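Take a look at the structure below.
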Amino acid sequence: MEGGGLRFPLGSAGTSDADGPALPPTGKRVVDPRLLEAPVDSLPGVGRILAGRFASIGISTVGDLLLHLPFRHEPPSRLCPVAALHEGETATVRVRVRSCSVRSARRRNLKILEAVVSDDSGAIVAVWYNQAYLEEAFSSRPELLIRGALARRAGPVRFVVQSHEILSDHEGGLHTLGLVPVYPATGDISVRVIRGAVARAKDLAVHLVDPVPSRILAARRYPAKRDAVLACHFPATEREARVARNRLAFEELLLLQIALLKRRQREQQHPACAIGPPGGLSRRFLEALPFLPTSAQRKVMAEVDGDLTAGRPMLRLLQGDVGSGKTMVAVYALLRAVESGGQAALMAPTEVLADQHALRLAESLEEMGIRMGLLKSSLPASVRRDVTAGLASGELSVVVGTHALIQDGVDFRDLRVAVIDEQHRFGVRQRDALRASMGSHTRPHVLHMTATPIPRTLSLTLYGDLDISTLDELPPGRTPVRTRLVQPDRQPRAWQFIRDRLTAGEQAYVVCPLIEEGDSAQEFAATSVYAKLRHGELEEYRLGLLHGALPSAEKQTAMMDFAEGRTQVMVATTVIEVGIDVPNATVMAILGARRFGLSQLHQLRGRVGRGERSSYCLLFLDEAEEDPDERLTLFASTTDGFKLAEADLRLRGEGHMFGDKQSGYGDLRVARLLYDQTLLVEARKEAAALLVSDPRLEGATEALLAAASSERFGMVEHWLDKA
Ligand code: ADP
Ligand code: MG
Numbered sequence: 003m004e005g006g007g008l009r010f011p012l013g014s015a016g017t018s019d020a021d022g023p024a025l026p027p028t029g030k031r032v033v034d035p036r037l038l039e040a041p042v043d044s045l046p047g048v049g050r051i052l053a054g055r056f057a058s059i060g061i062s063t064v065g066d067l068l069l070h071l072p073f074r075h076e077p078p079s080r081l082c083p084v085a086a087l088h089e090g091e092t093a094t095v096r097v098r099v100r101s102c103s104v105r106s107a108r109r110r111n112l113k114i115l116e117a118v119v120s121d122d123s124g125a126i127v128a129v130w131y132n133q134a135y136l137e138e139a140f141s142s143r144p145e146l147l148i149r150g151a152l153a154r155r156a157g158p159v160r161f162v163v164q165s166h167e168i169l170s171d172h173e174g175g176l177h178t179l180g181l182v183p184v185y186p187a188t189g190d191i192s193v194r195v196i197r198g199a200v201a202r203a204k205d206l207a208v209h210l211v212d213p214v215p216s217r218i219l220a221a222r223r224y225p226a227k228r229d230a231v232l233a234c235h236f237p238a239t240e241r242e243a244r245v246a247r248n249r250l251a252f253e254e255l256l257l258l259q260i261a262l263l264k265r266r267q268r269e270q271q272h273p274a275c276a277i278g279p280p281g282g283l284s285r286r287f288l289e290a291l292p293f294l295p296t297s298a299q300r301k302v303m304a305e306v307d308g309d310l311t312a313g314r315p316m317l318r319l320l321q322g323d324v325g326s327g328k329t330m331v332a333v334y335a336l337l338r339a340v341e342s343g344g345q346a347a348l349m350a351p352t353e354v355l356a357d358q359h360a361l362r363l364a365e366s367l368e369e370m371g372i373r374m375g376l377l378k379s380s381l382p383a384s385v386r387r388d389v390t391a392g393l394a395s396g397e398l399s400v401v402v403g404t405h406a407l408i409q410d411g412v413d414f415r416d417l418r419v420a421v422i423d424e425q426h427r428f429g430v431r432q433r434d435a436l437r438a439s440m441g442s443h444t445r446p447h448v449l450h451m452t453a454t455p456i457p458r459t460l461s462l463t464l465y466g467d468l469d470i471s472t473l474d475e476l477p478p479g480r481t482p483v484r485t486r487l488v489q490p491d492r493q494p495r496a497w498q499f500i501r502d503r504l505t506a507g508e509q510a511y512v513v514c515p516l517i518e519e520g521d522s523a524q525e526f527a528a529t530s531v532y533a534k535l536r537h538g539e540l541e542e543y544r545l546g547l548l549h550g551a552l553p554s555a556e557k558q559t560a561m562m563d564f565a566e567g568r569t570q571v572m573v574a575t576t577v578i579e580v581g582i583d584v585p586n587a588t589v590m591a592i593l594g595a596r597r598f599g600l601s602q603l604h605q606l607r608g609r610v611g612r613g614e615r616s617s618y619c620l621l622f623l624d625e626a627e628e629d630p631d632e633r634l635t636l637f638a639s640t641t642d643g644f645k646l647a648e649a650d651l652r653l654r655g656e657g658h659m660f661g662d663k664q665s666g667y668g669d670l671r672v673a674r675l676l677y678d679q680t681l682l683v684e685a686r687k688e689a690a691a692l693l694v695s696d697p698r699l700e701g702a703t704e705a706l707l708a709a710a711s712s713e714r715f716g717m718v719e720h721w722l723d724k725a
């Protein structure tokens, strides 16, 4: 496949269109030309079988087909007489086949079809690779359009064909002339077939409804939808294609932003308890802190106060890199609820983290006479009953827990503030379940917290219904963690280094490799690493073991032992990835480092560098590597979570960031978040402006937009409507 040509930033790969049959020529007319809803097999040349294949790539109607956009175009190729061809330049010639033969190449297992072809100006030998089946079609000496270039390969100059079409087909030029569109396709359905079907559907594009208000189109100098769709498929110039594609991406982003903002608007129609100004408890908490809040923490607490006093539910995401001090902001928010006479909940994604939070909170809450409960699935039934009863009666003011908090049978007397720690671990579904289940008439104020830095464009999408606060400042006195790659032959020295830190009174984590998907394999790894180290490199030190399959009580003991210094080394799986806070731990060794994702490594590394001493992250490599992994090298070079997140997005694609596919966020078809950052921000602005001028989107054009938005991104709202 050629390297040049116009490329749209769509993810999927296309198949080569060099081979594969075209649609059969036919005289059948489209059944009802006004119906974009008509099934694809109403198109001439598209039968049942083909319709089934189209369905498998998500195309069932003619409208779907028109919106199946190409992801690039072949470099433009112009019609040219044979005599005017230049070596190395792509061109299209219109010729008749004079003779034709197939031979096998000696070296590779290759069949080469050679045909002498000519027009009035001259004759050339054209070659096709591995398409011997064409010999039969060429036996009638048809007229062809062939696109390709003259090339000299060990012998006379020949015309190497990239694509051709037989002129008795009625698709003259579709596959060979101008900017030929290339579509995302599957093995089952060739690009040629898609191209042919789209060409046969294109007259129906006039019926496409344009949801974008004409005022916006005019201001942005965008073409109408029908023109944009046609220009995307069959552009006259590369520029025309680019503008058309951007216009359709903008439309998609606008619809998404409208869905998100409407969802937010709807959520905020529910009343929430207006919590008064800060009172005694939160003041006492701040005074008792062993440090001064950073100015970023103060700013975020003020933002939270603004939300809590407004009488509408807080919908806020607190973004702050690992170690930026989100926990104190969370506790502040919890206390604001309690001092107003209500209840507060803190939800964490893992038991280990919930335990840690409960442990920490218990101390300070007890001093203030506040009763707290812990709720997680591993509790004995009687304990669980006590906690749920305490929440229902209001006897417990604060609860810390895992997602057990959002299960049936948990009712609060008066829940006013809910904080979700490390919210990215929960997924969109659970986030909405929480909103829905935690409030009855009034909604709780919800503060989501995440340490996964997400590029702004992504947060506008994933969290487009939330206000965003950022802790953009680390507490003072932190020295950035030093990160080193450790080749196998350097590992003895690395263990020596770790022993030195331990001897100096510091602590270390040893994180075990991900063997495969699935936890049990990882636990296995952690258990055997633990056994090996205990009788090997670290035999003189006190080791602890932590993995997900341990009984809850053992996990808790292991964490406590490490936090309080009874063990010096914590051999663990990625259960320690989130939230764990032991400032005396200064070394993290990550075994089999290549198997971890960038953002996961970042979370892991965040467990060290939490105190004032220099901290180290050692990435152990399984095998010697000549050129180090791009990801790991980048990771070693920066501790900036945002940089890493962008790199992750670039390296892995954006799909994985969406997680829960069914949420409706993940299926952007035209727009690409990395590429379309500017468009996204502009679409967000337009959407917000539209909702300000017409909050219910009732005007004629606005209503059209609203309808298109819920048709396209209805799932986004549906999650909310369940509430
Ligand atoms: P994260 O944002 O990763 O949840 P934590 O809230 O666990 O971070 O805070 C990391 C560490 O920094 C904790 O040990 C905490 O006590 C400490 N810390 C938080 N805020 C400050 C501050 N303003 N000054 C000094 N240390 C702080
Ligand atoms: Mg935390």
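Numbering (the working numbering), first residue to last: 3 to 725. Every residue, glycine too, gets a C-beta built ideally from N, C-alpha and C. Remember, it's a predicted structure, so these values are computed and weren't measured experimentally.
- When distances are taken from the beta-carbon of residue 453 to the heavy atoms of the ligand ADP, the shortest one is below 8 Å.
- In this structure residue 539 is in contact with residue 497, their Cβ atoms being roughly 4 Å apart against a cut-off of 8 Å.
- By the neighbour-count criterion, in which a residue is buried when 16 or more other Cβ atoms sit within 10 angstroms of its Cβ, residue 687 is exposed.
- In terms of Cβ geometry, residue 483 and residue 607 form a close pair [threshold 9 Å].
- Between the ligand ADP and residue 612, a heavy atom-to-CB distance of less than 8 Å is present.
- Taking 9 Å as the cut-off, the beta carbon of residue 150 is found no closer than this to the beta carbon of residue 57.
- Boundaries of the alpha helix (DSSP H) around residue 299: 297-310.
- Approximately 7 Å separates the beta-carbon atoms of residue 42 and residue 63; this is inside 8 Å, confirming the contact.
- Taken through DSSP and simplified to helix, strand or coil, residue 271 comes out as coil.
- In the three-state DSSP reduction, residue 146 falls in the strand class (E or B).
- Within 8 Å of the C-beta of residue 296 there is at least one heavy atom belonging to the ligand ADP.
- When C-alpha distances from residue 553 are compared across 525, 167, 534, 65, the shortest belongs to 525.
- DSSP, read as helix, strand or coil, puts residue 490 in helix.
- Residue 322 counts as buried, since no fewer than 16 other beta carbons sit within 10 angstroms of its beta carbon.
- Relative to the ligand ADP, the beta carbon of residue 563 is positioned no closer than 8 Å to any heavy atom.
- With respect to residue 246, residue 229 sits close: the two C-beta atoms are nearer than 9 Å.
- By the Cβ-count criterion, residue 315 is buried, with 16 or more other Cβ atoms from all chains shown falling within 10 Å of its own Cβ.
- Residue 698 and residue 256 have their C-alpha atoms some 16 Å from each other.
- Taken from the Cβ of residue 580, at least one heavy atom of the ligand MG lies inside 8 Å.
- Each of 416, 403, 413, 453 was checked against the Cα of residue 425, and the nearest Cα belongs to 453.
- When DSSP states are grouped into helix, strand and coil, residue 252 belongs to the helix group.
- Relative to the ligand ADP, even the nearest heavy atom lies 8 Å or more away from the CB of residue 287.
- Of all alpha-carbon atoms in 67, 95, 534, the one lying nearest the alpha-carbon of residue 79 is that of 95.
- A residue is called buried once 16 or more other Cβ atoms fall within 10 Å of its Cβ, and residue 511 is buried on that count.
- Positions of the alpha helix (DSSP H) runs, each at least 4 residues long and wholly inside the stretch 48-101, are given as 50-58, 64-68 in order along the chain.
- Remark: the C-beta of residue 477 is in contact range of the ligand ADP, defined as less than 8 Å to any heavy atom.
- Distance from the C-beta of residue 643 to the nearest heavy atom of the ligand ADP is not below 8 Å.
- The ligand ADP never approaches residue 212 closely enough for any of its heavy atoms to be under 8 Å from the residue's Cβ.
- Residue 330 has its CB nearer than 8 Å to a heavy atom of the ligand ADP.
- Here residue 88 is exposed, its C-beta having fewer than 16 other C-beta atoms within 10 Å.
- In summary, residue 505 is exposed, with fewer than 16 beta-carbon neighbours lying within 10 Å of its beta-carbon over all protein chains present.
- In the same chain as residue 136, and ignoring 5 residues on each side of it, the C-beta atoms closer than 7 Å to its own belong to 115, 130, in chain order.
- In terms of Cα proximity to residue 633, the closest of 673, 696, 604 is 604.
- Remark: the C-beta of residue 424 is in contact range of the ligand MG, defined as less than 8 Å to any heavy atom.
- Listed in chain order, the non-local C-beta contacts of residue 334 below 8 Å within the same chain comprise 284, 287, 288, 303, 306, local neighbours out to five positions each way being set aside.
- The alpha-carbon of residue 403 is positioned some 18 Å away from that of residue 579.
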